[in-house]
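Q: In the UniProt record's numbering, the protein residues as written are 1 to 283.
First the structure, then my questions, so here it is.
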Ligand SMILES: Nc1ncnc2c1ncn2[C@@H]1O[C@H](COP(=O)(O)OP(=O)(O)OP(=O)(O)O)[C@@H](O)[C@H]1O
């Protein structure tokens, strides 16, 4: 069952274009949205929040359309922005009270627990919080109304590695009951490798992959060998990196059998980072 569905979604922003995009985010799982800078991640996430509208097509959340169910849908979503949208002059407590008033499901005990764990003093002004503390506040607020869907745009950007891990463990705990869904965008493939069940991979507005992390990892092999091998046997490679020591390249499993195997060519399972590096075509 899907928590989010993009249907024939098209959006243009100047030169940038997303054309007829179709994919779903599975309910009950963690999905990582990944892609290089400017590939359209924020555009898609903002569309799920109805902060921007598609030129064509639609985005359904819990099988409902924003056209007539905006308030109902938003009550069920916790959203952590990549930028600061709080009022600078308010204290943590004052800002929390404003947000809490929007949500009938607000759980103040839960907020207080996160506030304690994240060391967010009640009386500290929003403008006095570091970037990391603001993210912690945003996450505490997003989780405290017990949303069915948690959406985060680059939640770990600018955070230290300890808190990055803490967020990942909070997310894993959050989806434990099987009914909750997380969608988050990131540049950091290690985070996806660690916790994502599903991956949506976009490049320049086009969908490269949407499916389970295992299926993505299973699509390719990483091959390595001396450069001379490449001249003798041109291979259908996806991306290639060469140095004086030899070559390293990605190949689809379908093409794997076309490799003229000998003891000088080695193959191994790629990491997510290898796949992103070689498929982004900058090498
Ligand atoms: N309001 C706008 N007007 C014109 N172009 C825009 C606007 N908003 C976004 N874009 C363009 O749309 C493209 C996609 O931007 P988007 O922010 O969705 O990418 P992203 O994958 O989130 O990037 P990043 O990883 O750098 O945050 C970019 O080329 C950007 O310049």
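We put the CB at the ideal spot given by N, CA and C, even for glycine.
Cβ-heavy atom distance between residue 39 and ligand 1 below 6 Å?
A: At least one heavy atom of ligand 1 is nearer than 6 Å to the Cβ of residue 39, so yes.
Q: Please classify residue 23 as buried or exposed, where buried requires at least 16 other C-beta atoms within 10 Å of its C-beta.
A: Per the 10 Å Cβ criterion, buried.
Q: Applying the criterion that 16 or more other CB atoms from any shown protein chain within 10 Å of the CB defines a buried residue, is residue 9 buried or exposed?
A: By the 10 Å Cβ count, residue 9 comes out buried.
Q: Apart from the five residues just before and just after residue 196, which ones in its own chain have a Cβ nearer than 7 Å to its Cβ?
A: Hits under 7 Å: 30, 31, 32, 213.
Q: Does DSSP put residue 144 in a helix, a strand or coil?
A: Helix, per DSSP.
Q: Leaving out the 5 sequence neighbours to the left and right, which residues in its chain are closer than 6 Å to residue 257 when beta-carbon positions are compared?
A: Here the set comprises nothing.
Q: Give the DSSP bridge partners of residue 191, in chain order.
A: The partner list for residue 191 (beta bridge, DSSP) is empty, contrary to what the question assumes.
Q: Measure the C-alpha to C-alpha separation of residue 165 and residue 73 and round it to an integer number of angstroms.
A: Taking the straight line joining both Cα atoms gives about 29 Å.
Q: Over the uninterrupted beta strand (DSSP E) stretch that includes residue 267, give me the two end residues.
A: Start and end: 266-268.
Q: Could you give the distance in angstroms between the alpha-carbon of residue 109 and the alpha-carbon of residue 236?
A: Each residue's Cα considered, the two are about 57 Å apart.
Q: Based on DSSP bridge pairs, tell me the residues matched to residue 221.
A: DSSP lists 251 as partners of residue 221.
Q: Where does residue 76 sit, in a helix, a strand or coil, going by DSSP?
A: Three-state result, residue 76: coil.
Q: Going by other Cβ atoms of all chains shown within 10 Å of its Cβ, with 16 needed for buried, is residue 162 buried or exposed?
A: The residue is exposed, with fewer than 16 neighbouring Cβ atoms inside 10 Å.
Q: Among the residues of its own chain, which have a CB less than 8 Å from the CB of residue 25, if the five just before and after it don't count?
A: 2, 3, 4, 5, 31, 181, 183, 198, 200.
Q: What are the complete beta strand (DSSP E) segments, minimum 3 residues, inside the stretch 78-153?
A: You should have 149-153.
Q: Since residue 135 and residue 155 are thought to touch, with beta carbons under 8 Å apart, how far apart are those beta carbons, to the nearest angstrom?
A: Between residue 155 and residue 135 the Cβ distance is about 6 Å, and since that is below 8 Å, they are a contact.
Q: Mind checking who residue 184 pairs with in its DSSP beta bridge?
A: Per DSSP, 32, 152.
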